[in-house]
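Everything below concerns the one structure shown next.
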Amino acid sequence: MTEMFPVGRPAAAGDVVGRQEFIRECAIRLSEGQSVMIASPRRTGKSSVAGEVMRQLRTQGYGTASVDLFYVTSIEELAVKLLASLLENRTGAYQKTIRSLHGLQEWLNHTTWHAKLGDLELGLTLTAPILDPLVLLETAIATAERLAQSQGRRMIILFDEFQEIDRLGGENLAQRLRALFQQQHATAYLFLGSQPSLMQTIFADRRQAFYRFATLLPLPAIADVAWER
Ligand SMILES: Nc1ncnc2c1ncn2[C@@H]1O[C@H](COP(=O)(O)OP(=O)(O)O)[C@@H](O)[C@H]1O
Ligand SMILES: [Mg+2]
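The letter at position 81 of the sequence shown is residue 81 when you use the working numbering, and the numbering goes up by one with no holes.
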């Protein structure tokens, strides 16, 4: 049973049942530069769908990065995880275990990656200590746009469990992020959230930072027939 119906993590490539039309629509919108938000309760299949969207976009040649905010405990960790995931587009290696700027610097100093990063690293100025975690996060977000422009392709960033932004930095962080995101031309965002009411507030309340920033797409049911095969 476990082999036939693997559970406990998002469905892997080839295991995603149904929702193909929805996955295609998400991928098209993101590839055109539109940001998208999907809110539905836990274990309804958001991460599985998003994983498939990101795989398809990567195959089509887009740059991709993902951060799951559920396991992130600080703004610094969010910044570092985003940077590590972005740099994966260059190095091909993603270090999930990196949680601090120090850890990231140690990893970057590893000679193999050093050479591959080339000019990008100069732009990052990670050699000098960046003490303010918010500045580090701004650097990470700016890196997304820089990478996209230098590689001549759009960058798509997935933020899973995005409602956690509230816990990490409240309204102040949300406003900062929105201000940075909306200046970008080559980066689009896919936001997932497990608390629909909170996500509705963040994205659909006009007093909130993310008001009208992303298109809210309802997660469709999986058709019975999709399970047959
Ligand atoms: N489209 C799908 N096809 C097959 N299994 C799925 C699909 N969507 C979800 N699942 C299963 O349900 C579980 C929960 O899905 P997940 O994508 O993690 O939901 P969420 O991100 O909404 O919490 C996964 O571990 C996976 O086993
Ligand atoms: Mg999930």
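Even glycine gets a Cβ: it sits at the ideal position worked out from N, Cα and C.
N-terminal and C-terminal residue of the alpha helix (DSSP H) that residue i is part of
i      : result
Val49  : Lys46 to Thr59
Ser66  : Counting along the chain, Ser66 falls outside any alpha helix (DSSP H), though it belongs to the beta strand (DSSP E) covering Gly63 to Asp68.
Ile28  : Gln20 to Ser31
Ile202 : Pro196 to Ala204
Buried or exposed (CB count within 10 angstroms, at least 16 for buried), residue i
i      : result
Leu122 : Unreliable positioning characterises Leu122 in this predicted model, as indicated by a pLDDT of 42, which lies under 50. The coordinate reading is nonetheless provided below. Exposed, by the Cβ-count rule.
Gln163 : buried
Thr64  : buried
Met4   : exposed
Ser85  : buried
Asp15  : exposed
Tyr62  : buried
Ile28  : exposed
Ser74  : exposed
Of the residues the options, the one placed nearest residue i, counting alpha carbons only
i      : options                           : result
Ala11  : Arg154, Lys46, Val72 and Arg42    : Lys46
Arg146 : Met4, Gln183, Glu3 and Arg42      : Gln183
Phe22  : Arg9, Val7 and Gln56              : Gln56
Arg9   : Gly51, Ser74 and Ile28            : Gly51
Thr59  : Ser31, Val72 and Pro133           : Ser31
Ala204 : Met54, Arg43 and Ala39            : Ala39
Arg229 : Ala13, Ser66, Glu25 and Gly18     : Gly18
Phe213 : Leu69, Pro196, Arg99 and Leu177   : Leu177
His102 : Ala79, Arg90 and Ala186           : Ala79
Gly193 : Gly14, Leu104, Thr187 and Leu216  : Leu216
Leu173 : Leu198, Asp160, Thr187 and Leu134 : Leu134
As assigned by DSSP and simplified to three states, the class of residue i
i      : result
Leu190 : strand
Ala221 : coil
Unbroken beta strand (DSSP E) run spanning residue i, endpoints
i     : result
Ile38 : Val36 to Ala39
Min CB distance residue i to chain B below 9 Å
i     : result
Val67 : The displayed structure is made up of one protein chain only, and chain B is not part of it.
- request: Entirely within the segment 121-186 and at least 3 residues each: give me those beta strand (DSSP E) ranges in chain order.
  value: 155-160
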